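Below: the structure, in structure tokens.
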Amino acid sequence: MGLKDLFEKDVQELERDGILFSTLGKLVAWGRSNSLWPATFGLACCAIEMMQSTNARNDMARLGSEVFRASPRQADVMIVAGRCSKKMAPVMRRVFDQMPDPKWVISMGACASSGGMFNNYAIVQNVDSVVPVDVFVPGCPPRPEALIYAVLQLQKKVRGEVFDQDGVELPMVEGWTR
Amino acid sequence: MTVKPAGYQALTLSEERTGDFETKLMRINVGPQHPSTHGVLRLVVDLDGERIARISPVIGYLHTGFEKTMEHRTYQQVVTYSNRMDYVHSFGHDLAYVLSAEQLMGARVPERAQRIRVILTELNRISSHLVFFGTGILDMGALTLFFYTMREREQLLDIFESVTGVRMNFGYFRVGGLYQDVPESFEHDVRAFIASFPKMLDQYSALFAKNDIFVNRTTGVGVIPIERALEDGLTGPSLRASGVSLDFRKAQPYSGYEDYDFDVPVSTAGDANARFAVRFQEMRESLKIVEQALDRLEPGPVRDPDRRISLPPRNELETSMEAVIFHFKLVTEGFHPPRGSAYVPTESARGELGYYLVSDGGSMPYRVKVRVPSLMNLQSLESACVGGLFADMVVNIATMDPVMGDVDK
Amino acid sequence: MTTETAAAPLGPLTERVVESLVGLGGRLEREPFEVRVVLPARAIVDAVRTAREAGFDLLSDVFGIDWLRYPGHQGPRFSVGYNLYSIGHGERLFLRVDVDDDEPVPSITGVWKAATFVEREVYDMFGLRFSGHPDLRKIHTPEDLEGHPLRKDFPLGETPTLFNDGRFLDPAAFRAGMIGASGGLTGWVGGARKGVVAEQVDPAPATPCAGATSADEGER
Ligand code: SF4
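Protein chains in written order, with this note's numbering: chain A, 4 to 181; chain B, 108 to 516; chain C, 1041 to 1260.
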């Protein structure tokens, strides 16, 4: 097929030939959503379930999210797995700041999301007050399946397929701006 | 501080030039967010070239205020908290707590409940050691074993889930017994596990115990001599790897451990390899205990029938006013142990674990002090690491097997 | 403190050690489940050394207790407990010193390095100072936390639970209701959640009629 065909043929015809049309933004978002690399930020019990979600049975690799990066510089999403103490909060913020844009946060477990059963002097009652959270996962600890569901939700968000409370479609994250 | 390490001379150009060089210790920070510190351990290390001159753990990044919170919960509610401390060996913490509380209360636990407790605790010990192997060897750069051990761990988690309803953080033991009896499938599941697991252990041992890379990486690394171990307050498998045969399941049997026939693996080498080997043997011993306990599992009640501790059976509530009153008292207040204190040492997967409870006669503990093994064991890190290579530090942390929830409380 | 039904037995090693500890000014207390020697603060280092040399070779723990709210407690506000174990003999011995707020406790780190972390923990949690400790810093709590969490007058620090419709639940007030300090949200004035009240009511055998009385009280 020559370049000329691109201008002469119909979209449907081209699609039949295996050529898809998209915007660059959509393409980038599609690629990005399927390779969300988490930063290891295991804090407590939930981290063990986070580990389990990469094992043979649950296999988070299917979603392209199994590569836990030790360095925040190489990560897209931070999974806050476990209770975050007030001593840890500044460290967490710092790790988050070190991650390159665009970046997302999953708050895993009751403790990270709301303090859970530890309503006391030592624990941050909602990590949303430290880092902006995109997806909250309930459970104590959430099953690996729940974490995988959260990653799926996050993928939707990255691709711009989510709606806010009023039913307005939220824009996807732009690929080339910071 | 200026130091001249051994071998320093060989690196310099000539005798006259050495005066110009000044060698300093380099201080580097590891953690708290670091893949091989098992959570949120932070270490400040002074390096002399490649060798560690000083190492000091900085902890508290997971301080959760357990002890304070427990003082504000009734005795039965504390069970929800204890297992979240050491989330890898949850049943061990639950058991330690309920034993202390039962001692205070004078509760008599039915035999069936004790057997089930032992089975679950030992299975949990295996699953804890599986995490230890998977992540420990992962830290050395071998990825494969992690997937194998996690596969077996899933099998165990399935058993736990069928019994308790959750995969981790069970809260299944109660002061005076168990929450409820185990399901019918329990015995079959556990027997299936006992049948299949030794084969897996052989596979693991073929994979790493005889693996040259692994053996060379661990032998002679991080040696802790007996005297240092006792000076540092080390307990558990790491102490047994240094040659002291201290296991509270044998030394002060609790929960019917005296009935079972098992060995306590001990090694005298005291190095990282010995710490791996001791834990490896321990899994086989645990399996023995589980099998014996399962053989002796008789049907029966799983809760102390004492009305002061356990709720009356449901059907009695309709006929007996007294039952209603006890029910009401237990639900609104909980029970009241007499004044005094209790401490029952147990052997968790990491070492001596015990709850020191002080009761003031009220329905919440006046003071809960948890003697956690990981905190004390962490002090041995210095003995193991100083003088060794920086790269071996990771091996030493892995073989100490600290769980940060246990360290920071 | 407790009425002695059956005090914990004294092993041969413990008996020997206790004898020499009493020589240091200690007082033997035998409770149902523990053998404890209460010592004056200045003697603790010698006491630990004596015990260690005699055969208690494992320092299990060092812990603090704050007696502020303990019903009927007399004497200094804090205690520091030492938990020793003898591997060879299988015996356990508790030592204890009673101190007041501003009194430093001699550190036993010179005798036993294992005490380093746990003494720091007691310092952090109770604010008790250990004289002679090489590195007395906070260990668990963040640098900027003021106060010492395990003191009884340190609040648990709960945040209220907020509901969507604007109602909120203050856990501290809720529990105050349950321990009998106030009516709380349930209106149920707890009979005996805490030891103080348990003194006046009948504590242990919750007889049906005692239960009924406190239930009646709740309705009032
Ligand atoms: S939510 Fe539950 S499992 Fe997760 S960190 Fe908190 S206590 Fe642990």
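Ideal Cβ placement from N, Cα and C applies to all residues, glycine included. Predicted, not measured: the structure shown is a model, and the values here were computed from it.
Exposure of residue i, with buried meaning 16 or more beta-carbon neighbours within 10 Å
| i | result |
| --- | --- |
| Pro332/B | exposed |
| Ala208/B | buried |
| Thr1054/C | buried |
| Ser349/B | buried |
| Gly45/A | buried |
| Gln15/A | exposed |
| His170/B | buried |
| Met390/B | buried |
| Pro344/B | buried |
| Lys317/B | exposed |
| Thr26/A | exposed |
| Arg1177/C | exposed |
| Arg97/A | exposed |
| Pro1174/C | exposed |
| Val438/B | exposed |
| Glu174/B | buried |
Own chain, CB closer than 6 Å to residue i, minus 5 neighbours either side, in chain order
| i | result |
| --- | --- |
| Ala1212/C | Glu1198 |
| Phe71/A | Pro41 and Thr43 |
| Ile166/B | Val514 and Asp515 |
| Gly1115/C | Asp1138 |
| Val373/B | Arg347 and Ser352 |
Proximity winner among the options, relative to residue i (alpha-carbon distances)
| i | options | result |
| --- | --- | --- |
| Thr342/B | Pro305/B, Met500/B and Val479/B | Val479/B |
| Leu337/B | Val510/B, Gln140/B and Met483/B | Met483/B |
| Met91/A | Pro139/B, Gly213/B and Leu245/B | Pro139/B |
| Leu346/B | Phe315/B, Met500/B, Glu454/B and Pro420/B | Glu454/B |
| Val100/B | Lys317/B, Lys131/B and Val152/B | The structure shown does not extend to residue 100/B, since chain B spans only 108 to 516, so no value can be given for it. |
| Met75/A | Thr57/A, Asp20/A and Asp100/A | Residue identity differs from the one stated: residue 75/A is Pro in this sequence, not Met. Nearest option by C-alpha distance: Asp100/A. |
| Phe321/B | Ala400/B, Gly458/B and Ala249/B | Ala249/B |
| Lys306/B | Leu394/B, Phe239/B, Val289/B and Phe277/B | Leu394/B |
| Trp1107/C | Pro1200/C, Leu1209/C and Asp1193/C | Asp1193/C |
| Ala3/A | Pro103/A, Gly67/A, Val94/A and Arg60/A | Absent from the model: residue 3/A. The displayed extent of chain A is 4 to 181, so no value can be given. |
| Val154/A | Gln168/A, Val138/A, Asp167/A and Leu30/A | Val138/A |
| Pro412/B | Ala214/B, Val186/B, Lys131/B and Ser197/B | Ala214/B |
| His1180/C | Arg222/B, Ser312/B, Asp246/B and Pro164/B | Pro164/B |
| Met120/A | Glu157/B, His196/B, Ala456/B and Tyr188/B | Tyr188/B |
Residue j beta carbon less than 7 Å from that of residue i
| i | j | result |
| --- | --- | --- |
| Thr506/B | Ala376/B | no |
| Asp201/B | Gly512/B | no |
| Ile301/B | Glu392/B | no |
| Ala1094/C | Arg1070/C | no |
| Ser1126/C | Phe1170/C | no |
| Pro445/B | Ser481/B | no |
| Val273/B | Gln183/B | no |
| Ser88/A | Ala47/A | no |
| Gly85/A | Ala50/A | yes |
| Leu1068/C | Val1058/C | yes |
| Ala1083/C | Leu1064/C | yes |
| Ser470/B | Leu211/B | no |
| Phe433/B | Arg414/B | yes |
| Phe1134/C | Glu1183/C | no |
| Glu261/B | Arg65/A | no |
| Ala1087/C | Leu1079/C | yes |
| Ser490/B | Arg335/B | yes |
| Ile162/B | Leu150/B | yes |
| Leu263/B | Phe497/B | no |
Sequence-distant residues of the same chain with beta carbon closer than 7 Å to residue i, five excluded per side
| i | result |
| --- | --- |
| Val165/A | Lys159 and Leu173 |
| Ala1154/C | Leu1099 |
| Leu23/A | none |
| Ser36/A | Gln158, Val161 and Arg162 |
| Val1236/C | Below a pLDDT of 50, predicted positions are generally treated as unreliable, and Val1236/C, at 46, falls in that range; no measurement from the model is reported. |
| Ile82/A | Pro41, Phe44, Met53, Ile109 and Met111 |
| Ala73/A | Thr43 |
| Leu6/A | none |
8 Å Cβ shell around residue i - same chain, five flanking residues per side excluded
| i | result |
| --- | --- |
| Gly1104/C | Phe1118, Ser1119, Val1120, Gly1121, Val1162, Met1165, Phe1166, Leu1168 and Leu1190 |
| Leu314/B | Thr251, Leu252 and Tyr255 |
| Tyr364/B | Val225, Arg356, Lys357 and Ile396 |
Ligand 2 heavy atom lying under 6 Å from the CB of residue i
| i | result |
| --- | --- |
| Asp1101/C | The model on display carries ligand 1 but not ligand 2. |
In chain order, what residues have a CB nearer than 5 Å to some heavy atom of ligand 1? That query returns the following residues: Ala47/A, Cys48/A, Cys49/A, Gly85/A, Arg86/A, Gly112/A, Ala113/A, Cys114/A, Gly119/A, Cys143/A, Pro144/A and Arg191/B.
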